[in-house]
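> Mind the numbering: the sequence shown is residues 111 to 722 in my numbering, read in order.
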Amino acid sequence: MAKIRLTMAQALVKALAAQKTVIDGETLPLFAGVWAIFGHGNVAGLGEALHGARDVLPTFRAHNEQAMAHAAIAFAKASRRRRMMAVTSSIGPGATNMVTAAAVAHVNRLPLLLLPGDVFAGRRPDPVLQQIEDFGDGTVSANDCFKPVSRYFDRLTRPEQLIPAFERAMAVLTDPTECGPVTLCLCQDVQAEAFDYPEGFFAERIWTPRRQRPDEVELAEAAALLKAAKKPFVVVGGGVLYGEAEAELARFCEAHGLPAAETQAGKSALPFDHPLNLGAIGVTGTGAANAMAGEADVVLAIGTRLQDFTTGSWSLFANPACRIIGLNVQAFDAGKQRAQPLVCDARAGLAELDAALAGHRAPETWTTQAKAAKAGWLATAARYTAAGNEALPSDAQVLGAVQRWSEPSDIVVCAAGGLPGELHKLWQAGAPGGYHMEYGYSCMGYEIAGGLGVKMADPAREVVIMLGDGSYLMMNSEIATSVMLGLKLTIVVLDNRGFGCINRLQGATGGAPFNNLLADSRHETLPAIDFAAHAASLGAVSRKVASLAELDEALRESRTHDRTSVVVIDTDPMISTDAGGHWWDVAVPEISTRAQVTQARQRYDDALKARP
Ligand SMILES: Cc1ncc(C[n+]2csc(CCOP(=O)(O)OP(=O)(O)O)c2C)c(N)n1
Ligand SMILES: [Mg+2]
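Next up, the structure:
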């Protein structure tokens with residue numbers, strides 16, 4: 111076979127550009143681009159290669175490696191794992207800056223190709239600048255930190271290793287079951303070394319998502335459980351969106367009279383006003399969903415990891431007879447908590463389960479009960495999101511204002527703080543994908559960079575980022591990148607002057623107000639941070655508003671801007687929506703000199719005893 115002589119970095123870039131996918135009949139590059147911050151570990155090798163390929167594989171520059179990876183992760187999530195991005199850093203600090211983001215992708219099962227530079231394979235100049243030097247192991251570099259947070263990890267110490275490493279990387283990135291971060295560490299000297307690569311390595315390859323069909327026995331068992339159920343219930347996870355199964359899900363629930371509730375990742379799969387959609391489930395769930403989940407005797411959990419927020423730390427499904435059916439592409443998830451596994455793709459699995467149920471319907475009383483519970487919850491929720499006259503609005507009231515202004519095609523983005531709980535309970539998501547919540551790792555600082563990635567995936571939709579002052583301060587630099595790239599974001603900052611949700615959690619576990627709100631933290635001067643001035647300095651249009659009425663006006667204005675706009679509003683740190691929700695297992699000290707802690711421990715022990 112003909113050979114093409116290239117450096118390893120040139121070959122990698124050429125191979126990346128050759129990967130394609132077909133979406134709605136259009137052939138698109140699988141990799142929409144490469145985020146890059148250069149240093150000595152990647153500028154000469156990979157930097158040269160990316161420059162040569164910039165017309166077929168765009169390179170984007172940002173300000174923080176973690177943020178670049180957040181943007182790439184959000185791009186993949188908003189693209190429903192059908193497209194992805196790569197991120198490259200230098201060695202040392204640039205590389206380890208991406209470790210947290212690798213964990214975000216790992217938890218959320220999202221494809222992300224990380225390309226950190228690495229030390230010299232030839233070790234000639236050791237220790238090179240930023241090389242950590244392990245005293246006992248010559249093969250270790252800082253990049254070994256990626257191993258536990260990568261689904262596939264490799265270090266390229268010879269240029270020809272790229273061929274098998276790339277194959278394995280692609281297999282993981284495109285496999286719905288294995289999907290997650292892949293780290294290819296690129297030794298600096300090896301990036302620059304030339305090799306005769308076979309021409310076929312660069313052949314165009316079209317990736318189509320695999321739709322695994324269910325096993326016959328598992329399907330029969332699952333159908334039997336559902337047919338026998340008196341109170342069947344569906345939990346809708348992110349796998350429904352990744353499987354592009356939202357239409358099948360709606361049909362399935364309607365055909366069999368099944369009430370459903372959504373996890374953070376599954377929200378927006380069913381229309382919020384679908385009569386069988388009871389909204390959020392779990393710790394941040396609606397009263398309606400949680401009441402029904404508490405009675406359910408069979409729970410069909412579709413495409414969910416069943417993390418503690420979904421299961422109320424395994425106290426939510428309180429019916430002693432309750433059985434779970436785990437419909438999941440990944441056997442690891444499908445069998446959790448002694449579930450009846452149904453290992454398959456959501457769309458393929460729902461179609462076959464539908465056929466196996468042969469028109470069977472849940473008891474009419476159960477479905478009717480669900481519809482009534484939903485109506486009751488909507489009335490309750492409306493009280494929390496209505497505008498009031500308080501000096502400081504609650505997060506829910508700000509959410510209400512954003513909701514009333516939003517359009518069905520808008521995408522709301524969030525990740526950490528008190529807002530994820532409020533949004534999960536109260537936000538009425540528009541079109542599928544209109545609710546983008548990173549709540550697998552709930553990583554503060556994901557929001558703005560993530561919003562940028564969402565906008566790149568779906569430029570026609572308005573992206574609205576809601577975040578707290580804490581998340582904003584942790585990572586805001588990509589506001590400047592959004593302005594530079596002409597990618598408009600609307601950012602609403604809820605400033606409650608500290609880590610409001612953790613302060614409330616501290617109080618609930620008996621703790622003294624300590625080290626969460628700025629006022630309760632060691633200080634000489636209480637900070638008065640001007641977020642609007644800060645955002646303006648990064649190039650955004652910005653405005654601080656003094657009331658919900660002014661917020662309405664600022665939001666209306668923001669829709670007319672073509673530049674990123676930031677609206678800041680002060681909120682009450684002490685209030686959150688107390689309706690709905692469920693117990694969450696947060697361990698309280700057994701011994702304390704504080705009476706409040708001892709009392710909280712008593713409540714905790716009682717809750718542990720009450721668990722099913
Ligand atoms: C990177 C990271 N560090 C710490 C946490 C733990 N944590 C969760 S929410 C939170 C406070 C967030 O503050 P803010 O963004 O102001 O939101 P608020 O709680 O005030 O609504 C903290 C510290 C986290 N989720 N992510
Ligand atoms: Mg805050």
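From the three backbone atoms N, C-alpha and C, an ideal C-beta is built for every residue, glycine too.
Since this is a predicted model, take the numbers as computed values, not measurements.
Taking C-alpha atoms, which residue in A705, D682, A645, T249 lies nearest to A656?
Closest option to A656, Cα to Cα, is D682.
> In or out: D505 buried (at least 16 other Cβ within 10 Å) or exposed?
Buried.
> Mapping the DSSP letters down to three states, classify P430 as helix, strand or coil.
coil
> Mind listing, in chain order, the residues whose beta carbon lies closer than 5 Å to a non-hydrogen atom of ligand 2?
G578, D579, G580, N606, G610
> Give me the DSSP bridge partner(s) of E328.
Answer is none; E328 lacks a bridge partner.
> Have a look at R193 and R219 and give me their C-alpha separation to the nearest angstrom.
14 Å
> Below 6 Å, is the gap between the Cβ of I612 and the nearest heavy atom of ligand 1?
Yes; taking the cut-off as 6 Å, the Cβ of I612 has a heavy atom of ligand 1 nearer than that.
> Mapping the DSSP letters down to three states, classify E500 as helix, strand or coil.
coil
> Tell me whether S675 is buried or exposed, calling it buried when 16 or more other Cβ atoms sit within 10 Å of its Cβ.
So S675 ends up on the buried side.
> Measuring only the C-alpha atoms, how far is G691 from A411?
19 Å
> Is DSSP giving N218 helix, strand or coil here?
helix
> Taking all protein chains shown into account, do 16 or more other C-beta atoms lie within 10 angstroms of the C-beta of V166, making it buried, or fewer, making it exposed?
exposed
> Using a threshold of 7 Å, state whether the C-beta atoms of L536 and A181 are closer than that.
no
> For M93, is the beta carbon positioned less than 6 Å from some heavy atom of ligand 1?
No information on residue 93 is available, as it lies outside the stretch 111 to 722 that the chain covers here.
> Compare the beta carbon distance of H216 and P291 with 7 Å and say whether it is the shorter of the two.
Contact: yes.
> Going straight from the alpha carbon of D407 to that of A480, what length do you get?
14 Å
> Out of A121, W515, A570, which has the shortest C-alpha to C-alpha gap to E270?
A121
> Going by the CB atoms, is the gap between A466 and L329 shorter than 7 Å?
yes
> For M576, which residues of its own chain have a beta-carbon under 6 Å away from its beta-carbon, when the five flanking residues on both sides are left out?
C524, L529, V602
> Would DSSP call G151 helix, strand or coil?
Here G151 sits in coil by DSSP.
> Do A177 and E588 have their C-beta atoms closer together than 7 Å?
In this structure, the beta-carbon distance from A177 to E588 falls below 7 Å.
> For A390 versus E405, is the C-beta spacing smaller than 7 Å?
no
> Between which two residues does the alpha helix (DSSP H) carrying L467 extend?
456-467
> Between G531 and the rest of its own chain, which residues show a CB-CB distance below 6 Å, the 5 nearest in sequence each way excluded?
T394
> Residues bridged to F263 by DSSP?
For F263, which the question treats as bridged, DSSP gives the partners T293.
> Beta carbon of Q450, beta carbon of A332: below 7 Å?
yes
> Quick one: any contact between the stretch 513-521 and the stretch 434-444, if contact means 3 or more CB pairs under 8 Å?
no
> Go through its chain and collect everything with a Cβ distance to N586's Cβ below 8 Å, but skip five positions before and after it.
I558, H644, A645, L648.
> From L437, R571, A399, pick the residue whose C-alpha is nearest to that of L426; which is it?
A399
> So, are the CB atoms of S668 and Y545 less than 7 Å apart?
Cβ atoms of S668 and Y545: not closer than 7 Å.
> Assuming F312 and A128 make a contact with CB atoms under 8 Å, what is their CB distance in whole Å?
5 Å
> For ligand 1, is there a heavy atom less than 6 Å away from the beta-carbon of A736?
Since the first residue of the chain shown is 111 and the last is 722, residue 736 is not available in this structure.
> Just mark T475 as buried or exposed, buried being the case when its beta carbon has 16 or more other beta carbons within 10 Å.
exposed
> Is the distance from the Cβ of F362 to the Cβ of D464 below 7 Å?
yes
> Between which two residues does the alpha helix (DSSP H) carrying K535 extend?
529-536
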